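Presented below is the structure to which this report refers.
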Amino acid sequence: MKVLVIGSGGREHAICYAFSKSPRVANIYCANGNAGIASIAELVAIKPDEIGRLADFAESKGIDLTFVGGETSLALGVVDEFEGRGLKIIGASKAAARLEASKAFAKDFMKRQGIPTAEYAVAASPAEAIEILEGGRFGEVTSPVVVKADGLAAGKGVVVASDRLEAIAAINELESLVGAEAASTIVLEECLFGREVSLILFADGESFALMPPTRDHKRIGEGDTGPNTGGMGTFTDDSLLSSQQTAEIIDTVIRPTLKGCSDEGFRFRGILFLGLMMTEAGPKVLEYNVRFGDPETQAILFRLDSDLVDICEAMLEGRLGETEIKWRAGSSACVILAAENYPAKPRIGDVIKGLDQAAAHSDVVIFHAGTNLDENGSFVTSGGRVLGVTAVGDDLESALEKAYASASEISWPGMQFRRDIGKPAGN
Ligand SMILES: Nc1ncnc2c1ncn2[C@@H]1O[C@H](COP(=O)(O)OP(=O)(O)O)[C@@H](O)[C@H]1O
Ligand SMILES: [Mg+2]
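At position 100 of the sequence shown the residue is numbered 145 (our numbering), and the sequence of numbers has no breaks.
Take a look at the structure:
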């Protein structure tokens, strides 16, 4: 069969990789992909926001199955467009994508459905947000407050402010950080404390299947210092959640979320990502994403032992509940190698050395996030996050060891990466 993957990062490389393992897949196309993805898929020069062109391509090529990587296409309604034309596609509908595309919508949804989450207030303007803060709605002015832009902000729309002054500064700066549209509505949240865990699941509208739990490392610097990034690394490890905690998340979050979506008229079929804080009072939802995380996907899909095509078909046919999904036992880790000066203004165009040696390590796969080929056919950096060195191991320690041993073969001028992925201090 012919498969189309929409997107161009490390996440999409990992999705293409999973499809490349399927004996059922003859051709993989990726729109618009990157130089690393080109080794396993045919690149298609259509951007994720050109949903009409994507559907035209799928029709003319006779694509049997499309998989959407990122939120941009979903929020624009790519799934509705494809389904309207009778094309098979995996992803959340436009209505369901509001769970990610509007944080205010997601908070109101959780409140309506009784899903545990931080206390919050929604403001229709920066002035109103400041008014709410001044009104003492969040208790002591010294207590931390979380300020969030409502709309899609590529990870730049959230500030955990330690006091009222910082919160006000954050409110005033939000628009310049994420643009007027994403910041036109502001969500203020109670600050939760605990360990953060991400849990991603396949959902077919009613039933669901969990993937291994993950944790990511958002800050650029070791020990969680410096500015936020798209993610500097991640790992999967079953010990992140006890079976009791998992059962509690299923009961208090997952079932009510899927039922709530159906009750409100938008069945959730696709990939659902739960950003969770494991608080003393139990798990609480920090956010929903309606797609795979990046780089979580790299670490997760490298452990997938089942055929992704079979899982997709089960999702499309509402058979997920009866489908067994196999994961490689143990752990996995993904270490991101980033360009100099990322996340501000990354330097690009540097030749990457040592890729072949690094890829020759066993239990390792290197996913490309931002690479290009130069005129000599060498891989060069073309974005902030460049590569995701991903390894599996019988336990977390061995997965990390393999990932770092492989990463140590790779270099280019100014390459940066965190050495503390998977360490308890990192979060
Ligand atoms: N209510 C909260 N309490 C404490 N920390 C929070 C809260 N909401 C968000 N955060 C922190 O901010 C990060 C980003 O927030 P999130 O809602 O996931 O937005 P996004 O991923 O869209 O930037 C979270 O991973 C978490 O570390
Ligand atoms: Mg998040």
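All C-beta atoms, glycine included, are put in the ideal place defined by N, C-alpha and C. In this text the structure is predicted, and so the values were computed from the model without any measurement.
When the five nearest sequence neighbours on each side are left out, the beta carbons in the same chain lying within less than 6 Å of the beta carbon of VAL50 are those of GLU57, ILE60, CYS61, CYS75 and PHE112, in order along the chain. DSSP places HIS406 outside any beta strand (DSSP E), giving it a letter other than H or E.
For GLU267, no pairing in a beta bridge is given by DSSP. Residue range 376 to 383 is occupied by the beta strand (DSSP E) that includes CYS379, with no alpha helix (DSSP H) assigned at that position. Put simply, the backbone Cα of GLY114 is about 13 Å away from that of PHE247. If you check the CB distance, GLY276 and ALA227 do not come in under 9 Å. Comparing C-alpha distances from SER407 to each of ALA450, SER207, ASP153 and GLY394 shows the shortest one belongs to ALA450. When the five nearest sequence neighbours on each side are left out, the beta carbons in the same chain lying within less than 6 Å of the beta carbon of LEU237 are those of ALA163, MET322, THR324 and LYS329, in order along the chain.
Here MET322 is bridged, per DSSP, to GLU241 and LYS329. For secondary structure counted as the alpha helix (DSSP H) over 4 or more consecutive residues, the stretch 332 to 368 holds these complete runs in sequence order: 341 to 346 and 353 to 361. The DSSP assignment places complete alpha helix (DSSP H) segments of no fewer than 4 residues inside the stretch 382 to 453 at 400 to 404 and 441 to 452, in order along the chain. When rounded, the separation of the alpha-carbon atoms in ALA199 and SER105 is 32 Å. In the three-state scheme derived from DSSP, where H, G and I count as helix and E and B as strand, VAL123 is classed as helix. The stretch 282 to 295 makes no contact with the stretch 391 to 402: fewer than 3 CB pairs, one atom from each, lie closer than 8 Å. DSSP lists LEU349 as the beta-bridge partner residues of TRP372. For the set VAL335, GLY320, VAL298 and GLY327, the Cα lying nearest the Cα of PHE313 is the one of VAL335. In the three-state DSSP reduction, ALA199 falls in the coil class, being neither helix nor strand.
A distance below 6 Å between beta-carbons, with the five flanking residues on each side excluded, links ASN79 to the following residues of its chain, in chain order: SER53, HIS413 and THR416. For GLU332, the distance from the CB to the nearest heavy atom of ligand 2 is below 8 Å. A distance of 9 Å or more separates the beta carbons of ALA378 and PHE318. If the five residues before and after ILE299 are omitted, its C-beta is found closer than 7 Å to the C-beta atoms of LEU246 and PHE253, all from its own chain and listed in chain order.
Between the beta-carbon of VAL431 and that of ALA359 there is about 34 Å, and that puts the pair past the 8 Å contact cut. Bounds of the alpha helix (DSSP H) holding GLY97 are 96 to 106. With contacts defined as CB atoms closer than 9 Å, SER118 and GLY315 fail to qualify as a contacting pair. Where ARG260 is concerned, the enclosing beta strand (DSSP E) starts and stops at 259 to 261. Residue state for PRO161 is assigned as coil, using DSSP reduced to three classes.
Shortest Cα-Cα distance from ASP439 to any of LYS304, SER287 and ASP283 involves ASP283. Around the beta carbon of GLN402, a 10 Å sphere encloses fewer than 16 other beta carbons of the protein chains shown; the residue is thus reported as exposed.
At least one heavy atom of ligand 2 is found less than 8 Å from the C-beta of GLY320. An exposed status is given to ARG464, since fewer than 16 other beta-carbon atoms sit within 10 Å of its beta-carbon. At a threshold of 8 Å, PHE154 does not count as near ligand 1, since its beta carbon sits no closer than that to any of the ligand's heavy atoms. Note that the C-beta distance between LEU303 and PRO258 is not below 9 Å. In the structure shown, the three-state DSSP call for CYS61 is helix.
As computed with DSSP, ASN72 is found in a beta bridge with LYS47.
DSSP, reduced to helix, strand and coil, places PHE154 within a helical segment of the structure shown. At least one heavy atom of ligand 2 lies less than 8 Å from the C-beta of GLY200.
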